[in-house]
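Positions in the sequence shown are counted from 1; adding 18 to them yields the working numbering.
Notes follow the structure.
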Amino acid sequence: MVRDDYKNMKKILVMALYLILALSGFTGAQGNDYVYPSGYSINCNYLLSSDLVAISDTFTISRTLTNNELFDLNGLYFSDNLPSEFLVVDQKVTVNGVPLPFLSIGPIEGHIVDGYGSYSWIIDSRGEAAGVDYSVQPGEIINLELKIVCNSLGKFQLPTHSAVFSGNNTGFFALSDSLEIEVVLSLDVEDDLPGTLPEIALISKAYPNPFNSTVTIKYSGLGIAGNHMTLTLYDLTGRKIFREDFVARENTGYVAWESNESISSGVYLYSLTDGSRNTGGKLILLK
């Protein structure tokens, strides 16, 4: 019952929001939030921890509602539409920093926007869900924090996010600007290995191939030509998934990992050694 009611409310709300934005010529900027009707001391914020993240790294979406009025706010829920490539790995709600029970609904794929999952986080279900009935009192701050991972590259729009609540016999809704986040292979400053190395160094860098399931690792070290090398790969649980022994032909060279069908796209760890020196890091497999 709660699920259906909130799904219908979201459809009506989103249509209203799009109409308001179109009529107002709204262009927006990151971080701006708007509460309707205006003229009340109620603030909403929608913040990204960063608009540029590395693939498979965790980033945060933070939703905050501050009640600076003299009356309680009831029936509060947040909603959002997140790209299907986004995986919500953790979510929590707090009031003035103290954890608060809530009801999470979603993702419902394609419910509002094609290619997006619709989510709702209900703070006050008005008696429909046991224990989820919190009224935001004057001076209180409600925060919804989402931890998200994305395993796909590209630029992603965050087009529609809102909050709905009531107080003092008035219904309110808040909306935020459309934001964009870009997911890249790496946030490293250097794109290649340095040209000069200390004698004891062995370094490497992994380069995924976007056209097939191969990852090439470039390595470099003084005096490693002719040395026996071992490449070992692990998944993020530490399970060994691949090993290859080979002989380095030159001090700088390449070794490739071509994954089999049982290995899925994602982030893996690798270790490369010549028996006395070790290097390693994170690599991205794209299929």
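All residues carry an ideal CB built from backbone N, CA and C; glycine is no exception.
Per DSSP, the unbroken beta strand (DSSP E) holding Y134 starts and ends at 134-140. In this structure, the beta-carbon distance from F174 to E103 falls below 8 Å. Of D253, R257, I281, A243, the smallest CA-CA separation from F264 is found for A243. By the C-beta density criterion, R257 is exposed, having fewer than 16 other C-beta atoms within 10 angstroms. One thing to note: Y288 has its Cβ no nearer than 8 Å to the Cβ of T234. Shown here for I160: same chain residues with a beta carbon closer than 6 Å to its own, the five before and five after excluded, namely L83, V113, V154 in chain order. For S238, the secondary structure class from DSSP, reduced to helix, strand or coil, is strand. Counting along the chain, the unbroken beta strand (DSSP E) around F96 starts and ends at 92-101. No residue range can be given for Y58, since it is assigned to no beta strand (DSSP E) and is classified by DSSP as neither H nor E.
Taking the Cβ atoms as the reference, N99 lies roughly 5 Å from T178, within the contact range of under 8 Å. Of V131, F191, F77, A148, the smallest CA-CA separation from Y54 is found for F191.
For E163, the closest alpha carbon among the candidates N169, G115, G157, S194 is that of G115. DSSP places A181 in the strand class (E or B) of the three-state scheme. In chain order, D151 place their CB closer than 7 Å to the CB of G145, counting only its own chain and leaving out the 5 sequence neighbours on each side. Taking all protein chains in view, the Cβ of V182 is crowded by 16 or more other Cβ atoms within 10 Å, so the residue is classified as buried. DSSP, read as helix, strand or coil, puts I281 in coil.
For D108, the enclosing beta strand (DSSP E) covers residues 104-113.
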